[in-house]
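Residues -18 to -1, 1 to 401 (mature numbering (1 follows the signal peptide of the UniProt record, and there is no 0)) make up the sequence shown, in order. Cβ atoms here follow ideal geometry from the backbone N, Cα and C, with glycine treated the same way.
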Amino acid sequence: MFLKLAVIAAFCCTNVLANFTSYQGYKIYEFTAENAIQQKTLEILAQNEAYDFFTLPRIFGLPIRVLVAPADQLQFQQTLETSQIAYTIVNENFGQSVEVERKLNSMYPKQRNAAPGSISFNVYQRYDAIAAYLEELSKTYSSRVKVTSIGDSYEKRQLHAITITNGDGVANKNVILMDAGIHAREWIAPAAALYVIQQLVENYEQNSHLLTNYVWIVVPLLNPDGYEYSHTRERMWRKTRKPVTKFCAGTDGNRNFDFHWGEVGASNSACADTFRGPTAFSEPETQALRNLMHSLTGRAKFYLTLHSYGNYLLYPWGYTSALPENWHDIDDIASAGAAAIKTATGTEYTVGSSTNVLYAAAGGSDDYALGKARIPISITMELPSAGQQFDPPLSKIEELVSETWIGIKAMAEKVIEKY
Ligand code: ARG
Ligand code: ZN
């Protein structure tokens, strides 16, 4: 116990003191669990904050990736060897990959397309560029687009929501609610949300059927503080940025919702990556989304939250292995998304309840949407990584977000038809 605390303290303080984490010599390991004993060993290992498990699926044979700092590598390898888990090292120096990505991503000074009112998908856009794009859309397409702020982040960035309609002025239509970027480091998620926005607004002619009886409300970047921090300071930052203790900042937004809060799969340690927060809804970002959800009660039929990575379409519950009453309906929608993507590109997604196919984790926005805000179809989409790093290389962003759109569109069409 004491040892573990000491490890956490040492880990957190180096991170806090250094203003930039270089990840020099960090390695990414890949392996699979082939049986229940190995799975159990890995679940215990994952509780050690020194090991950053990028994925930890419940299904045997699916790839598991872990980022490990140089000082912890020997022990990590020994533990795997003792458990007869064969591993490969898929990245020998994560620091170098991060540096390459950072350089490429800043090569486009304005990170924007030349054409006004448009946005490019050849870089991961920063907060300011995203805000400017939304602003331009609201001016250029003022009859169909409205941009509002649903609150401020801890560091006082506006949390933008874009409401997209067909401009016919009919009030109180049903709503499809989407968000992305609650987890800072999952850069492909906000990119995918921006692509959805672009398709619905700038490619309206082809997508107007998605707006006849429905309104779309999209929050493309729910955790802008963490997102900016992951761009400038610490690539693998996941949480919000509000300080918790003297040494550690940030709450896992997707453990912070007040529905079976903290019951399982969430840490009560402020330094942990899955910290549930000092209280439920301690974060302005999760409060803002909660309020938005409740303002749409009865109208919102589909809530979709974008994450990365792992190719999953997950649905409640995350807090228990039991299934929601209407799981069959949700499974139908998610399966339609998976099938559309498979047909279009061959990419496969695993469909199922969070607890049953990934891991149990309470306090997620998806559970809250169904359990408390009563949005009947609630889905978490874990996008692909398409590489050895966390997010796809810049050259693959466009391909990936357009593939994602195929799945989202298929799910939306099915929701619209059924509800
Ligand atoms: N990777 C996501 C997370 O850890 C999955 C969330 C699934 N939903 C849930 N309620 N556990 O936040
Ligand atoms: Zn996530």
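Query, Result
"Cross-strand partners of Arg108 (DSSP beta bridge)", "Arg108 pairs with nothing; no bridge assigned."
"Ranges of the alpha helix (DSSP H) found wholly within the region 263 to 337, counting only runs of at least 4", "266 to 277 and 309 to 327"
"Glu216 beta carbon near the ligand ZN (any heavy atom closer than 7 angstroms)", "no"
"According to DSSP, residues forming a beta bridge with Leu159", "Ile199 and Tyr285"
"Helix, strand or coil at Lys(-15) [DSSP, three-state]", "Here the model assigns Lys(-15) a pLDDT of 38, short of 50, so the residue's position is not dependable and the matter cannot be decided."
"C-beta atoms of Asp314 and Lys396 nearer than 8 angstroms", "yes"
"Simplified DSSP assignment, three categories, for residue 472", "No answer is possible for residue 472: the residues shown for the chain start at -18 and end at 401."
"heavy atom of the ligand ARG below 7 angstroms from Ala254 C-beta", "no"
"Range covered by the alpha helix (DSSP H) that runs through Val383", "Ile379 to Lys400"
"Bridge partners - Tyr33, DSSP secondary structure assignment", "Val50"
"Rounded distance between the beta-carbons of Thr362 and His289, thought under 8 angstroms", "6 angstroms"
"Closer than 7 angstroms: His289 CB and nearest the ligand ADP heavy atom", "In the structure on display, the ligand ADP does not appear, and the ligands it does have are the ligand ARG and the ligand ZN."
"Own chain residues within Cβ distance below 8 angstroms of Asp348, not counting five before or after", "Tyr285, Thr287, Leu296, Tyr297, Pro298, Gly300, Ser336, Ser360, Ile361 and Thr362"
"Range covered by the alpha helix (DSSP H) that runs through Ala351", "Ser347 to Gly353"
"Contact test: Ala336 Cβ vs the ligand ARG heavy atom, cutoff 7 angstroms", "Residue identity check: residue 336 is Ser in the sequence provided, not Ala. Yes, Cβ of Ser336 sits closer than 7 angstroms to a heavy atom of the ligand ARG."
"Contacts around Val48, its chain only, beta-carbon distance under 6 angstroms, and the 5 residues preceding and following it disregarded", "Tyr11, Tyr33 and Phe35"
"Glu12 Cβ short of 7 angstroms to the ligand ZN heavy atom set", "no"
"Closest residue to Pro358 among Tyr69, Lys378 and Lys400 (Cα-Cα distance)", "Lys400"
"C-beta atoms of Glu380 and Asn104 nearer than 8 angstroms", "yes"
"Glu265 CB to nearest heavy atom of the ligand ZN below 7 angstroms", "no"
"Nearest-angstrom Cβ-Cβ length linking Lys324 and Glu265, presumed shorter than 8 angstroms", "Going by Cβ atoms, the distance from Lys324 to Glu265 rounds to 36 angstroms, so no, they are not a contact pair."
"Top-ranked residue by Cα proximity to Trp387, from Lys155, Ile179, Gly247 and Ser79", "Ile179"
"Glu31 vs Cys253 beta-carbon contact at 8 angstroms", "yes"
"Start and end residues, alpha helix (DSSP H) containing Gly208", "Pro206 to Thr214"
"Proximity to Phe241 [Cα-Cα], best of Ala262, Leu365 and Gln21", "Ala262"
"Any non-hydrogen atom of the ligand ZN closer than 7 angstroms to Asn236 Cβ", "yes"
"Glu168: CB within 7 angstroms of a non-hydrogen atom of the ligand ZN", "yes"
"Pro52 burial status per 10 Å Cβ neighbour count (16 or more: buried)", "exposed"
"Boundaries (first-last residue) of the alpha helix (DSSP H) holding Glu12", "Taken as a continuous stretch (DSSP letters only), Glu12 belongs to no alpha helix (DSSP H), being part of the beta strand (DSSP E) at Lys9 to Phe13."
"Short Cβ contact (8 angstroms threshold) for Leu56 with Ile46", "no"
"Through-space distance from Tyr331 to Thr222, alpha-carbon basis", "28 angstroms"
"Residues that Lys128 bridges to, as DSSP identifies them", "Thr145"
"Distance between Asn338 and Ser303 (C-alpha atoms, nearest Å)", "6 angstroms"
"Beta carbon of Asp207 nearer than 8 angstroms to that of Asp234", "no"
"Secondary structure of Gly151, DSSP reduced to three states", "coil"
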